[in-house]
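Here the structure comes first, spelled out in structure tokens, and everything after it is commentary.
In the numbering used here, the protein residues as written are 1402 to 1702.
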């Protein structure tokens, strides 16, 4: 098996890679040992500081409610931002200037504003409305800020993913009489999902982490805010920070693992079954891999 993108390492390069790997692991172990030594010298490894995490009260009173609010805000933001970003990403590719230009202005505007500023503005806006109670206002403000910022970023991800496809896909769809909207929804968008998936997952991870901004200034009781309350009650700031960091890491690992599984499933599905385009006259045209031309008898050239 050979690679087009890089040269396979030879015996000398393989030995260097082994040396670099061993050196990196040695530095990593030394770094962990140093951190643990510093924590131990400052009494941060005392069992009394970690004992609250072995009891139900710390979890049921602080961590689990905070985790629930984090997941709620992140889930709402994802559900709203993903389709909104797809709509604006497609709008930026429109042939109509009156659609493309306003969509570009909206995307660039919200992409340039810090997400925390969007949250603060939304919170102040909701505070002037009697329709939203003060209990749920922080949640609404956090979700609004996350949606406005991340939808604009996801719009660029969608646009770039569609533009990365070979032009032959669009030309083939036009050749069998598909309109631009049909080409986008039936050909381009489904094929670009696999290419966009890594960037989409990265942005979803950002959404999960950015929920902590609401706890800093908006009194939103998410996971990091719950950690502050827990640390104040048990006087274990560093242990509680470590536990919350591990929870965030596990959440993001679960999200990344699910995305990797989904990407593999989509790729296997593309190999086993081909997309079929139906022309207006009823004839079916198989769409193969991007960039593979077909002759009249259906063979690849």
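Here a beta-carbon is modelled for each residue, glycine too, at the ideal position from N, C-alpha and C.
Cβ-based burial, residue i [other Cβ within 10 Å; buried from 16]
| i | result |
| --- | --- |
| residue 1650 | exposed |
| residue 1635 | buried |
| residue 1525 | exposed |
| residue 1453 | buried |
| residue 1706 | No statement about residue 1706 is possible, as the shown extent of the chain runs from 1402 to 1702 and does not include it. |
| residue 1511 | buried |
| residue 1470 | buried |
| residue 1586 | exposed |
| residue 1640 | buried |
| residue 1593 | buried |
Own chain partners of residue i with C-beta closer than 7 angstroms, once the 5 adjacent residues on each side are dropped
| i | result |
| --- | --- |
| residue 1505 | 1493 |
| residue 1697 | Note that residue 1697 has pLDDT 46, beneath the 50 cutoff, so the model's placement of it is unreliable and no number is given. |
| residue 1626 | 1467 and 1616 |
Spatial distance of residue i from residue j (CA atoms)
| i | j | result |
| --- | --- | --- |
| residue 1502 | residue 1563 | 18 angstroms |
| residue 1428 | residue 1418 | 15 angstroms |
| residue 1703 | residue 1622 | There is simply no residue 1703 to check, as the chain begins at 1402 and stops at 1702 in what is shown. |
| residue 1557 | residue 1481 | 16 angstroms |
| residue 1514 | residue 1614 | 14 angstroms |
| residue 1491 | residue 1484 | 11 angstroms |
Of the residues the options, the one placed nearest residue i, counting alpha carbons only
| i | options | result |
| --- | --- | --- |
| residue 1546 | 1575, 1478 and 1643 | 1478 |
| residue 1638 | 1444, 1574, 1410 and 1516 | 1444 |
| residue 1565 | 1578, 1589, 1577 and 1460 | 1589 |
| residue 1462 | 1632, 1436 and 1486 | 1632 |
Spatial neighbours of residue i in its chain, beta-carbon cut-off 8 angstroms, leaving aside the 5 residues before and after
| i | result |
| --- | --- |
| residue 1581 | 1496 |
| residue 1618 | 1517, 1520 and 1521 |
Opening and closing residue of the alpha helix (DSSP H) in which residue i lies
| i | result |
| --- | --- |
| residue 1611 | 1590-1611 |
| residue 1511 | 1498-1513 |
| residue 1475 | 1465-1492 |
Own chain partners of residue i with C-beta closer than 6 angstroms, once the 5 adjacent residues on each side are dropped
| i | result |
| --- | --- |
| residue 1600 | 1558 |
Residue i Cβ short of 6 angstroms to the ligand FMN heavy atom set
| i | result |
| --- | --- |
| residue 1541 | As far as ligands go, the structure on display features none, and thus does not contain the ligand FMN. |
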